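Numbering (UniProt numbering), first residue to last: 1 to 75.
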């Protein structure tokens, strides 16, 4: 699959796409559950505030939210 080992900071999780070979693994199940929890729709006020800030920065809402989830801080 990959020619080199994952980069520093990569947590080595399984791919999140629905693949038949991963469909029955416990790791895949727990990763899908964590992914759904992380991307759960926030309350309306928070979503609107993130959308406004993303537009100020010239980003999409999804890209801005991903930055918050990855880094744990606001841009």
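All residues carry an ideal CB built from backbone N, CA and C; glycine is no exception. This one's a predicted model, so the numbers in the text were calculated from it and none came from an experiment.
Next item on the list: Put residue 39 into one of helix, strand or coil per three-state DSSP.
Entry: By one-based count along the chain shown, residue 39 stands at place 39. In the structure shown, residue 39 sits in coil (DSSP, three-state: anything other than H, G, I, E or B).
Notebook entry, point to check: Taking the C-alpha atoms as reference points, what is the distance between residue 55 and residue 35?
Noted result: Here residue 55 corresponds to residue number 55 of the chain shown, with the count starting at 1. Here residue 35 corresponds to residue number 35 of the chain shown, with the count starting at 1. Whole-angstrom Cα-Cα distance: 24 Å.
Notebook entry, point to check: Can you list, in chain order, the residues of its chain whose CB lies under 8 Å from that of residue 111, leaving out five sequence neighbours each side?
Noted result: This structure does not reach residue 111, given that the chain is present from 1 up to 75, and the question cannot be answered.
Check: Looking at the structure shown, is residue 75 part of a helix, part of a strand, or coil, going by DSSP?
Finding: Taking the chain shown and counting its residues from 1, one reaches residue 75 at position 75. Three-state result, residue 75: coil.
Checklist line | DSSP-derived helix/strand/coil call for residue 30 | finding: Numbered from 1 along the chain shown, position 30 holds the residue referred to as residue 30. Reduced to three states, the DSSP call for residue 30 is helix.
Check: Hey, out of 38, 25, 29, 30, whose CA is closest to residue 70's CA?
Finding: Within the chain shown, numbered from 1, the residue matching residue 70 stands at position 70. Cα-wise, what sits closest to residue 70 is 38.
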